[in-house]
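Please read the structure below before turning to the comments.
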Amino acid sequence: METLNALMAGFGVALTPMNLLLALIGCFLGTLIGALPGLGPANGVAILIPLAFTLGLPPESALIMLTAVYAGAMYGGRISSILLNIPGDEPAMMTCLDGYPMAQQGKAAEALAISAVASFIGSLIACIGLILLAPLLARFALTFGPAEYFALFVLAFATLGGITGKNPMKTLMAAALGLMMSTIGIDISTGSQRFTFGILELYEGIDFIIAIVGLFAVSELLFFIERRAGDGDSSVKMNRLKLRWREIVAIIPTSLRSGGVGFVAGVLPGAGASLGSFLSYTVEKRILGSKNRFGEGDPRGVAAPESGNNGAANGALVPMLTLGIPGSGTTAVLLAMLVSLNITPGPLMFQQHAEIVWGVIAALLVGNLLLLLLNIPLVGVFVKILSVPPKFLMPLVTLVAIVGIYSISHSTFDLYFMIAFGVLGYLLRKLEIPLVPVILGLLLGPEMEKNLRHALSLSDGDWSVLWSTPLSITIWAIAILGLILPYLLGPMLRRSMAAKRNRN
Amino acid sequence: MSFLNDRILGVLMLLLAVAYGWQAQQIPVPFGGGGPVGPSTFPTLLAVVLGLTSLYLMLRPDPDNAWPLGRTLGEMLVAVLVLIAYTLALEPIGFPIATTLAVGILCWRMGARPLPAFLVGLGGAVIGYIAFNFGLELTLPAGLLEFH
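Here the protein sequences come in this chain order: A and Y. With the working numbering, you'll find the first sequence wraps up at 504, consecutive numbering, no jumps. With the working numbering, you'll find the second sequence wraps up at 652, consecutive numbering, no jumps.
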């Protein structure tokens with residue numbers, strides 16, 4: 001009942017005309033960015049963050065807009081998967097398997113419509129899960145002490161990127177690098193200068209918005225040059241949509257199951273949307289047994305990964321909102337956004353900023369409905385935009401990011417810093433060092449250090465306090481498991497994803 | 505398939521870990537001692553983690569990715585230089601001209617013909633300038649185009 005009231009208040013926030021308009025703009029821009037081959041939701045949100053800041057919006061409105069971008073990018077990813085057989089990001093890979101064959105059979109419009117409906121159902125299920133689970137988890141998390149929190153941060157790093165990153169040691173290295181960056185600046189508890197080398201601009205530490213835009217957006221430009229993605233496929237043809245109700249009804253059971261599977265995968269720290277879409281595809285294939293034509297353009301093969309992918313994306317918001325620990329790259333970017341707005345996510349947020357939390361959850365529901373309504377009639381527009389050659393789009397997208405950063409601070413020092421991060425991001429990605437733990441380290445470093453110091457000063461310097469309660473021991477155990485399991489499962493998951501893709 | 509990348513990375517990261525760890529020990533202890541955990545505890549811990557992971561990479565490196573060579577590398581350097589030049593030029597010559605040139609050069613280097621490339625740059629610059637200065641009321645520098 002309490003939750004329901006809070007949610008109603010949240011709708012009050014989300015449904016003001018301005019927030020509704022912002023959600024609409026966010027959905028549109030997000031879909032657009034998600035549809036561009038090579039640009040995933042993390043890059044998309046990273047590019048649009050500076051823009052949201054420059055608009056000077058109140059925190060809940062900025063957050064609603066970026067949540068809409070996030071949801072939109074998850075929708076948009078499927079467009080290039082289905083039409084061009086180019087996944088926008090890893091989770092969209094599974095959608096290629098049946099989406100592209102459908103497009104080849106002249107059923108591109110149906111595939112797009114089905115994926116929009118499935119995405120909506122997956123998001124809806126995950127939203128319901130979020131509404132039920134988040135307050136419970138937040139209440140539970142209130143019992144955490146500094147030692148538990150420190151262990152929880154370790155858990156986030158141990159599991160994050162474990163499945164998507166190839167080498168867990170590199171994930172750990174990336175986390176250490178990010179955490180090291182977070183120690184630059186003036187130490188909050190003692191006022192000592194750390195690693196500033198007397199440079200005035202470093203006193204306040206590294207601004208993670210600059211780091212994010214540099215690492216994700218600028219490095220993407222360099223990758224684009226290397227890949228020479230050429231002129232884009234302008235030969236995309238759309239058939240007229242003739243979707244029958246029967247076809248939509250046929251994918252509903254699949255979408256419901258996959259949304260649930262995806263949600264669970266999303267809530268698990270670090271697993272994220274790749275696992276969500278992969279698991280739901282595999283599970284659904286098993287359930288349908290001999291009745292499936294997966295891999296040959298089965299509509300349910302489009303619905304399953306799309307629903308799973310969106311379920312996972314929204315599921316990842318649960319640990320992000322309740323514990324302040326993001327479950328995926330994009331939620332890490334959203335977390336950066338929250339921190340920049342002076343809101344510290346975590347259990348207390350549900351008490352201190354209830355209107356923001358529930359406003360965002362409500363906005364997520366509204367955004368998904370908008371996306372469904374937008375996507376079916378407007379799909380032709382997005383397809384047109386896809387046929388604009390990327391050689392024009394990439395420079396423009398990069399410049400939007402640069403101008404956004406500049407208009408926040410009007411400091412060219414920030415821009416040089418961002419370009420340097422871009423080159424660093426390129427080098428790291430080339431060496432297969434995942435970027436998300438770097439960002440996460442930069443982001444979570446101060447809190448992690450604060451909890452460590454707090455715990456240690458309570459115990460007078462005795463390190464064993466970090467694993468002295470049953471709860472903290474449990475979290476440590478899961479963290480260690482999280483570091484080792486991907487070592488075994490990760491290569492298996494990637495191999496079977498690649499094998500499935502190659503077979504088509 | 506050699507394993508040089510990760511070995512070099514490992515060596516560099518080990519150097520970084522040592523330098524960072526050493527620097528951490530130089531952080532002045534605050535007045536009054538600061539309790540059992542000072543400002544150098546956490547950085548020291550991080551230096552150890554980075555050191556261990558870099559040793560691991562030196563011993564068990566992954567196979568190499570190919571690095572871009574020759575022309576591609578040149579094009580990437582050009583792109584970075586264009587971004588730096590854009591930052592340098594943004595305030596003195598202004599957003600509209602700098603953006604036209606930067607987007608134009610980038611599009612052209614990516615394989616567009618010069619005329620469409622610079623037209624896209626001009627369009628982006630004009631739309632961006634109008635949107636930011638009048639739509640969002642955030643002043644972007646006009647530079648040379650400023651009228652007094």
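Each residue gets a CB set at the ideal place from its N, CA and C atoms; glycine is no exception. Quantities reported herein were computed from a predicted structural model and do not represent experimental measurements.
Checklist entry - Excluding five sequence neighbours on each side, which residues of the same chain lie with their C-beta closer than 8 Å to the C-beta of residue 429 of chain A? => result 219, 223, 435
Checklist entry - Under 8 Å between the Cβ atoms of residue 113 of chain A and residue 376 of chain A? => result yes
Item to check | Backbone CA spacing between residue 130 of chain A and residue 194 of chain A [nearest angstrom] | outcome: 40 Å
Next on the checklist: Which residues in chain Y have a C-beta closer than 7 Å to the C-beta of residue 187 of chain A? List them in chain order.
Outcome noted: 543
Checklist entry - Of all Cβ atoms in chain A, is any one closer than 8 Å to the Cβ of residue 569 of chain Y? => result yes
Checklist entry - With C-beta atoms as the reference, is residue 406 of chain A less than 8 Å away from residue 415 of chain A? => result yes
Checklist entry - Within the 8 Å Cβ cut-off, does residue 496 of chain Y reach chain A? => result Residue 496 of chain Y is absent from the structure shown; chain Y starts at 505 and stops at 652.
Item to check | Supposed contact pair residue 273 of chain A and residue 443 of chain A - C-beta distance, whole angstroms, cut 8 Å | outcome: Going by Cβ atoms, the distance from residue 443 of chain A to residue 273 of chain A rounds to 19 Å, so no, they are not a contact pair.
Next on the checklist: Taking 7 Å as the limit between beta carbons, can you name the residues of its chain near residue 644 of chain Y, skipping five residues before and five after?
Outcome noted: 599, 633, 636, 637
Checklist entry - So what does DSSP say about residue 244 of chain A, is it helix, strand or coil? => result Here DSSP, grouped into helix, strand and coil, assigns residue 244 of chain A to coil.
Next on the checklist: If you reduce the DSSP assignment to three classes, tell me which class residue 529 of chain Y lands in.
Outcome noted: Here residue 529 of chain Y sits in helix by DSSP.
Item to check | Where residue 232 of chain A falls, given that 16 or more other Cβ within 10 Å makes a residue buried | outcome: Residue placement at residue 232 of chain A is flagged as unreliable, the pLDDT there being 48, under the threshold of 50; the coordinate-derived value follows with that caveat. The residue in question, residue 232 of chain A, is buried, as its Cβ has 16 or more Cβ neighbours within 10 Å.
Next on the checklist: Counting only Cβ-Cβ distances shorter than 9 Å, please list the residues of the stretch 386 to 400 of chain A near chain Y, keeping chain order.
Outcome noted: For the stretch 386 to 400 of chain A, which is checked against every Cβ of chain Y, the residues closer than 9 Å are 389, 390, 391, 392, 394, 395, 396, 398, 399, 400.
Next on the checklist: Once DSSP output is grouped into helix, strand and coil, what is the label at residue 564 of chain Y?
Outcome noted: coil
Checklist entry - residue 382 of chain A to residue 32 of chain A, Cα distance in whole Å? => result Approximately 7 Å, taken between the alpha carbons.
Next on the checklist: Does the stretch 593 to 609 of chain Y come into contact with the stretch 395 to 402 of chain A, if we say contact requires no fewer than three beta-carbon pairs (one atom in each stretch) closer than 8 Å?
Outcome noted: yes
Checklist entry - Whose C-alpha, out of A/276, A/380, A/474, A/417, is nearest the C-alpha of residue 109 of chain A? => result It is A/380.
Checklist entry - Quick one: what does DSSP say residue 478 of chain A is sitting in, helix, strand or coil? => result Residue 478 of chain A falls in the helix class under three-state DSSP.
Next on the checklist: Against chain Y, with Cβ distances strictly below 8 Å, would residue 176 of chain A count as a contact?
Outcome noted: yes
Item to check | Counted within 10 angstroms of its Cβ, other Cβ atoms place residue 91 of chain A as buried (16 or more) or exposed | outcome: buried
Next on the checklist: Can you tell me whether residue 507 of chain A is helix, strand or coil according to DSSP?
Outcome noted: Examination of residue 507 of chain A is not possible in this model, given that chain A is present from 1 through 504 alone.
Checklist entry - Listing by chain order, which chain A residues have their CB less than 8 Å from the CB of residue 632 of chain Y? => result Taking a Cβ-Cβ cut-off of 8 Å, the neighbours of residue 632 of chain Y in chain A comprise 399, 400, 403, given in sequence order.
Item to check | Residues near residue 4 of chain A in its chain [Cβ-Cβ closer than 6 Å; skip 5 each side] | outcome: none
Checklist entry - Does the beta carbon of residue 598 of chain Y sit closer than 8 Å to a beta carbon anywhere in chain A? => result no
Checklist entry - Using a beta-carbon distance cut-off of less than 8 Å, what residues from the stretch 207 to 228 of chain A approach chain Y? => result 218, 221, 222, 224, 225, 226, 228
Next on the checklist: Give the list of continuous alpha helix (DSSP H) stretches no shorter than 4 residues that lie fully inside the stretch 382 to 411 of chain A.
Outcome noted: 390 to 409
Checklist entry - Is the CB-CB distance between residue 466 of chain A and residue 147 of chain A below 8 Å? => result yes
Next on the checklist: Would residue 120 of chain A and residue 309 of chain A qualify as a contact pair, given that the criterion is a beta-carbon distance under 8 Å?
Outcome noted: For the 8 Å CB-CB criterion, residue 120 of chain A and residue 309 of chain A do not form a contact.
Next on the checklist: Under 9 Å, CB to CB, which of the residues in the stretch 69 to 98 of chain A have a partner in chain Y?
Outcome noted: From the stretch 69 to 98 of chain A, no residue has a Cβ closer than 9 Å to chain Y.
Next on the checklist: Output needed in chain order: residues of the stretch 436 to 460 of chain A with a Cβ under 7 Å from some Cβ in chain Y.
Outcome noted: 449, 452, 453, 456, 457, 460
Item to check | Closest residue to residue 626 of chain Y among A/396, A/266, A/297, A/145 (Cα-Cα distance) | outcome: A/396
Item to check | Proximal residues of chain Y, C-beta to C-beta of residue 472 of chain A below 9 Å | outcome: In chain order: nothing, as chain Y lies at least about 17 Å away.
Item to check | Cβ-based neighbour list, residue 7 of chain A, same chain, cut-off 8 Å, excluding 5 preceding and 5 following | outcome: 131, 358, 361, 362
Next on the checklist: According to DSSP, simplified to helix, strand and coil, what is residue 194 of chain A?
Outcome noted: Assigned with DSSP and collapsed to three states, residue 194 of chain A falls in strand.
Checklist entry - Looking at the C-beta of residue 419 of chain A, does it have a partner C-beta in chain Y at a distance below 8 Å? => result yes
Item to check | Simplified DSSP state of residue 608 of chain Y, which is helix, strand or coil | outcome: helix
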